[in-house]
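First to last, the protein sequences are chains A and B.
Per my numbering, residue 5 is the first one in the first sequence, and the count goes up by one each step.
Per my numbering, residue 6 is the first one in the second sequence, and the count goes up by one each step.
Heads up: the structure comes next, in structure tokens.
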Amino acid sequence: MGLVPGVLVVAVVIATRGLGWWQGLEWKALDTFLRSRPAEPLDDRIVIVGIGEADIQQVGTYPIPDRYLADLITTLETYQPRVIGLDIYRDLPVQPGHDEFRTVAQGLEHLVTIEKLLPPPVTGPNFLPPERIGFVDVVPDGDGFWRRSLLGAATDDGVYHFAFTLRLAERYLAQAGLSLENGIRNPVAMRFGPVELAPLTPNAGGYVGADMGGHQVLVNYRSGPSPFRRLTMAQVQTGQVEPEWLRDRIVLIGVTAPSIKDFANSAAIVSDNPGLVFGIEFQAHAISQIISAALDNRPLLRVWPQPIEYGWIILWGAAGLGLGRILRHPLWQLLVVGGGSLVLLGTGFGLLLWQGWWIPVVPTLAVFTVNGVVFPLFYWYDRGLRSRIQERQRVIDNTFSAIHNGPLQTLSQLLRESRDPAQMSPALHRRLHDLNRDLRQVYTLVQQEALIDKQQIYLGPQGIDLSLPLHQLLYQVYTQTLGKDLPGFQTLKVKLIEFEPMSDRTLSLDDRRDLCRFLQEALLNVGKHAPNTTRLWITCKQIAPEPAGVQNLIRVADNNQDNRSEHLVYDSNATGGQGTQQAEQLSKRLRGQFRRYPNSPTGTVCELVWPTGRRSLWPFKPTALIKRSKHPGK
Amino acid sequence: MGSDNLKPLRFVIVDDHEIVLDSMVRVVQHHYPEAEILAVLTANQALDLVEADTPDAIIVDLSIPESTPVDATSQARVEVGVQLLTTLMERFPTLNIMVQSAHVQALVRLKPSILAHQGGFTIANKSQSMEDMLTKFDWALKGLNYLPSEMRSGLELKPEWLDVLVLAFQQGLQDKAIAAEMNIAHRTVRNYWSKIQDALGVYPEEGKNIRIQTEIRAREEGLID
Chain A
5 MGLVPGVLVV AVVIATRGLG WWQGLEWKAL DTFLRSRPAE PLDDRIVIVG IGEADIQQVG
65 TYPIPDRYLA DLITTLETYQ PRVIGLDIYR DLPVQPGHDE FRTVAQGLEH LVTIEKLLPP
125 PVTGPNFLPP ERIGFVDVVP DGDGFWRRSL LGAATDDGVY HFAFTLRLAE RYLAQAGLSL
185 ENGIRNPVAM RFGPVELAPL TPNAGGYVGA DMGGHQVLVN YRSGPSPFRR LTMAQVQTGQ
245 VEPEWLRDRI VLIGVTAPSI KDFANSAAIV SDNPGLVFGI EFQAHAISQI ISAALDNRPL
305 LRVWPQPIEY GWIILWGAAG LGLGRILRHP LWQLLVVGGG SLVLLGTGFG LLLWQGWWIP
365 VVPTLAVFTV NGVVFPLFYW YDRGLRSRIQ ERQRVIDNTF SAIHNGPLQT LSQLLRESRD
425 PAQMSPALHR RLHDLNRDLR QVYTLVQQEA LIDKQQIYLG PQGIDLSLPL HQLLYQVYTQ
485 TLGKDLPGFQ TLKVKLIEFE PMSDRTLSLD DRRDLCRFLQ EALLNVGKHA PNTTRLWITC
545 KQIAPEPAGV QNLIRVADNN QDNRSEHLVY DSNATGGQGT QQAEQLSKRL RGQFRRYPNS
605 PTGTVCELVW PTGRRSLWPF KPTALIKRSK HPGK
Chain B
6 MGSDNLKPLR FVIVDDHEIV LDSMVRVVQH HYPEAEILAV LTANQALDLV EADTPDAIIV
66 DLSIPESTPV DATSQARVEV GVQLLTTLME RFPTLNIMVQ SAHVQALVRL KPSILAHQGG
126 FTIANKSQSM EDMLTKFDWA LKGLNYLPSE MRSGLELKPE WLDVLVLAFQ QGLQDKAIAA
186 EMNIAHRTVR NYWSKIQDAL GVYPEEGKNI RIQTEIRARE EGLID
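Here you go:
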């Protein structure tokens, strides 16, 4: 298998990742990893006071009137929280008790309320200064889930607004001596002490062309079923709270009634309601990740620069390609690539868990497994298929050779003898001629596989064991062929034979079979086309001509005295073509030489010489499939 | 080979049937009263004997078991005999061999080796008479060759044999001169003559000169002018 398909896979994955086709899968992978983390301890710096379904029923009306909020805030204040965040819109008075609420809110310097910037906008309470109002806008991802937190944004009028979460974190951290500053490493980042909150870019991590307007960061949701302490309004009002739950904490007040549908979509949080958390909880996670990073060194989510991401994908693509080439057994390949995939997943998860890195996992996994397993498997399947096709072609060829060297020879001999009208009617002769042609056409029509015993070659009724030493094998071919009743054999007075051991260790069964056929064909040519032969030389032995080294030789020479017969030109006639083609293919395969030349003083020599060295340069027989499929024997 | 005559003749006979073996030993012993005859039942035993001390001749039945005498677990197979002959001819190129068999066809593939073998090599068909067998054995012992007609397809000669015929009958050379001319051993020339005679179907007969018989046949076949 070449490198091209593997390189192409990497290129295609990188290109499609650039088009955003992998975005959804990478989001899902991030959600899955985040959800799979072990539970973190409760962040007791943040307490959620939820106005639940029961609270609303007790109040008897919704929106909750200002008086109830004023009462709740007043009660909470008795526990001396550090900051209070009211995640309930109060752009308009909700009577009764608005004045009361206004007095309480204005009097509490550490109370922050909310506004909404994105259309339709909702303003904050007009009686509070802007620094005590933060927006709660979120930009959901294309799949509807919330993974990013918007910390700051400028409105059309050029005024820069801060998020509700950032306002609370800022106030909370200010008391710990950490004020909001500009970033040092990244000047556009927000910084609390050593922690920098760098704004996301449109192509950060798995994102492609995302709307990263304002100052957005990824939310590293706090894992576990209960990341924050949750109280209800009723619990607070009836005093069912421990004072230290609230003292010096960030207290978030929000609606946690499913009927009000203040929900955030997050697949990264394990919740009762898959994919859904209350809006106030999302705010709690966003605040928590900032103060935890600043105070506990808890990692924020980070992404690699794009070149590193793509380098990582290329690296794994190359690793898959390498494994695909090194490992030669499909099972090993599956095991090793399976193991490698686990390493990749483990790395992705581990880096996220300990360092907060969100690295490309899905596209990387894709290039690794496709290059490491899928392509090699296809390759093996394809190779298996090819070899079966080749085998079948060989069977067809063998079948035709058998027909060609047997019945067709008889037929052509018959045709030759029947040219004399005294012996056979011209009509019968023509029909014999047609039969000859039809039989030759059968080759192209052969569609069925024939079963040939691999170990044997059948030239006559008796099979010859192909695994015999080559000279013994060829001797039997000679014996069986000479037993045929052919004109050239009848006049024979003497056969001068040399059958000596030959170097045959490197020959395959197919080579042996074809060498047998070669000798048979050479002898048959004498029998059919050299009717005045009296002497026949058959030589099968090793020769060592300098400087060619040791070579094997098969030579058939006759002394046929009728040189005007078609003997010397049978290359071009009907029966010679296939035989010559076979001989030439065989000699090419063996890197040898096939020659036919006149004998002295009369007759013809037909010989095949091939070197005995290993044929390491010819592991395959690449020409067999292509060349042999041509129409033979025309 | 005068020294050979001082030593008694030594034969090895291998056959899978004990009864056949016994009668063979008796007949051969009767003919060669001085000879030491070693009779064995398996191919491996025969090979061990030949290796220990090369005998003057060996009689091999083709259908024999390999290492243990024929019983329920061991079978006599022609293949084993063929293999034994192959090994013997390979390692003892001058050993005189007589093959006894009803499966002559199995020996066809060994013919290249037989034609190259320098010792006597004769084949006796098991179905023929004991007298015939003794004749073939005698020939083998004399270094002659005999192959039955099933083993040959017409007149087959090695090119060297033809050279011997030409040198002897066209140029009138004696064996020694032929050996010098062809650059081979005298012994080899004798072996070639035996092969040529077998090819031409000329065998020892009372009152006939075998060389002249050979020449007549060679001329008949057009091997020499």
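Every residue gets a Cβ at the ideal spot worked out from N, C-alpha and C, and that includes glycine.
Using 10 angstroms around the beta-carbon of residue i, count the other beta-carbons present and answer buried if the total reaches 16, otherwise exposed.
i: Phe-131 (chain A); result: exposed
i: Pro-206 (chain A); result: exposed
i: Met-135 (chain B); result: exposed
i: Pro-42 (chain A); result: exposed
i: Leu-646 (chain A); result: Because chain A here runs from 5 to 638, residue 646 (chain A) falls outside it and cannot be looked at.
i: Ile-630 (chain A); result: Low local confidence applies: a pLDDT of 31 at Ile-630 (chain A) is under 50, so the model's placement there is unreliable, with the coordinate-based value given in what follows. By the 10 Å Cβ count, Ile-630 (chain A) comes out exposed.
i: Ser-68 (chain B); result: buried
i: His-36 (chain B); result: exposed
i: Gly-227 (chain B); result: exposed
i: Ile-118 (chain A); result: buried
i: Trp-25 (chain A); result: exposed
i: Leu-7 (chain A); result: exposed
i: Gly-177 (chain B); result: exposed
i: Val-530 (chain A); result: buried
i: Ser-230 (chain A); result: exposed
i: Thr-169 (chain A); result: buried
i: Val-259 (chain A); result: buried
i: Tyr-726 (chain A); result: This structure gives no information on residue 726 (chain A), because the portion of chain A shown stretches from 5 to 638.
i: Arg-593 (chain A); result: buried
Return the first residue and the last residue of the beta strand (DSSP E) that residue i is part of.
i: His-333 (chain A); result: Careful: His-333 (chain A) lies outside any beta strand (DSSP E) and carries neither H nor E.
i: Arg-41 (chain A); result: That residue, Arg-41 (chain A), is in no beta strand (DSSP E); it is neither H nor E in DSSP.
i: Phe-503 (chain A); result: 498 to 503
i: Asp-4 (chain A); result: With chain A covering 5 to 638 only, the question about residue 4 (chain A) has no answer from this structure.
i: Asp-66 (chain B); result: 62 to 66
i: Met-194 (chain A); result: 194 to 196
i: Leu-112 (chain B); result: Note, Leu-112 (chain B): premise wrong, no beta strand (DSSP E); not H, not E.
i: Trp-144 (chain B); result: Premise fails: Trp-144 (chain B) lies in the alpha helix (DSSP H), 135 to 146, not in any beta strand (DSSP E).
Over what stretch of residues does the alpha helix (DSSP H) that includes residue i continue unbroken?
i: Asn-529 (chain A); result: 513 to 533
i: Asn-556 (chain A); result: No alpha helix (DSSP H) contains Asn-556 (chain A), which is instead part of the beta strand (DSSP E) from 555 to 562.
i: Trp-166 (chain B); result: 164 to 170
i: Gly-10 (chain A); result: 8 to 22
i: Ser-2 (chain A); result: This structure gives no information on residue 2 (chain A), because the portion of chain A shown stretches from 5 to 638.
i: Trp-150 (chain A); result: Here Trp-150 (chain A) belongs to no alpha helix (DSSP H), and DSSP marks it neither H nor E.
i: Glu-225 (chain B); result: 215 to 225
Considering only C-alpha positions, which residue in the set the options is nearest to residue i?
i: Val-481 (chain A); options: A:Leu-472, A:Leu-490, A:Pro-491, A:Leu-463; result: A:Leu-463
i: Glu-285 (chain A); options: A:Leu-305, A:Asp-300, A:Leu-256, A:Val-307; result: A:Leu-256
i: Gly-343 (chain A); options: A:Leu-355, A:Gln-179, A:Thr-373, A:Ala-526; result: A:Thr-373
i: Arg-49 (chain A); options: A:Ile-88, A:Leu-418, A:Thr-403, A:Arg-396; result: A:Ile-88
i: Leu-235 (chain A); options: A:Leu-76, A:Asn-536, A:Leu-346, A:Gly-146; result: A:Leu-76
i: Thr-193 (chain B); options: B:Ser-118, B:Thr-91, B:Glu-155, B:His-122; result: B:His-122
i: Gly-22 (chain A); options: A:Ala-214, A:Gln-337, A:Asn-375; result: A:Ala-214
i: Val-307 (chain A); options: A:Thr-606, A:Val-341, A:Leu-34, A:Ser-604; result: A:Leu-34
i: Gly-148 (chain A); options: A:Gln-27, A:Phe-404, A:Thr-65, A:Arg-189; result: A:Gln-27
i: Thr-127 (chain A); options: A:Tyr-93, A:Gly-146, A:Leu-172, A:Thr-510; result: A:Tyr-93
Could you give the C-beta distance for residue i and residue j, rounded to a whole number, given that I count them as a contact under 8 Å?
i: Pro-294 (chain A); j: Leu-201 (chain A); result: The displayed chain sequence assigns Ile, not Pro, to residue 294 (chain A). With 8 Å as the limit, Ile-294 (chain A) and Leu-201 (chain A) qualify as a contact, their Cβ atoms being about 7 Å apart.
i: Ser-296 (chain A); j: Trp-150 (chain A); result: Actually they are not in contact, since the Cβ atoms of Ser-296 (chain A) and Trp-150 (chain A) sit about 19 Å apart, beyond 8 Å.
i: Ala-298 (chain A); j: Phe-196 (chain A); result: 4 Å
i: Val-207 (chain B); j: Arg-224 (chain B); result: About 12 Å separates the two Cβ atoms, so there is no contact after all.
i: Val-221 (chain A); j: Arg-175 (chain A); result: Contact doesn't hold; Cβ gap of about 19 Å is too wide.
i: Asn-224 (chain A); j: Leu-304 (chain A); result: 6 Å
i: Val-14 (chain A); j: Ile-254 (chain A); result: The Cβ separation is near 47 Å, so there is no contact.
At a cut of 8 Å, does the segment 82 to 89 of chain A reach the segment 240 to 253 of chain A through at least three beta carbon pairs?
-> The segment 82 to 89 of chain A, when compared against the segment 240 to 253 of chain A, does touch it at the 8 Å Cβ threshold.
Inter-stretch contact (C-beta, 8 Å, three-pair minimum) for the segment 254 to 274 of chain A and the segment 94 to 114 of chain A = Three or more Cβ pairs closer than 8 Å define a contact, and the segment 254 to 274 of chain A falls short of that threshold against the segment 94 to 114 of chain A.
Just checking, does the segment 482 to 492 of chain A make contact with the segment 530 to 542 of chain A on the three C-beta pairs under 8 Å criterion?
-> Judged by Cβ distances under 8 Å, the segment 482 to 492 of chain A makes contact with the segment 530 to 542 of chain A, as three or more pairs qualify.
If we count Cβ pairs, one from each stretch, closer than 8 Å, do we get three or more for the segment 173 to 187 of chain B versus the segment 147 to 163 of chain B?
-> Three or more beta-carbon pairs separated by less than 8 Å are not found between the segment 173 to 187 of chain B and the segment 147 to 163 of chain B, which leaves the two stretches without contact.
Is the segment 45 to 55 of chain B touching the segment 13 to 27 of chain B in the sense that three or more CB pairs, one from each, lie closer than 8 Å?
-> In short, these stretches touch, since the Cβ pair count reaches three.
The segment 210 to 225 of chain A in contact with the segment 360 to 372 of chain A per 3-pair CB rule at 8 Å | The segment 210 to 225 of chain A, when compared against the segment 360 to 372 of chain A, does touch it at the 8 Å Cβ threshold.
Validate contact between the segment 152 to 165 of chain B and the segment 48 to 58 of chain B using beta carbons, cut 8 Å, 3 pairs = Here the segment 152 to 165 of chain B makes no contact with the segment 48 to 58 of chain B; the two share fewer than three CB pairs at distances below 8 Å.
Given 8 Å, three or more beta-carbon pairs between the segment 466 to 478 of chain A and the segment 109 to 118 of chain B | Between the segment 466 to 478 of chain A and the segment 109 to 118 of chain B there are three or more inter-stretch CB-CB distances shorter than 8 Å, so the stretches are counted as touching.
Determine contact between the segment 100 to 111 of chain B and the segment 124 to 133 of chain B, defined as no fewer than three beta-carbon pairs at a distance below 8 Å.
-> Counting Cβ pairs under 8 Å, three or more are found: they touch.
Three or more beta-carbon pairs under 8 Å between the segment 552 to 561 of chain A and the segment 593 to 612 of chain A, yes or no?
-> Yes: the two stretches touch, three or more of their Cβ pairs being nearer than 8 Å.
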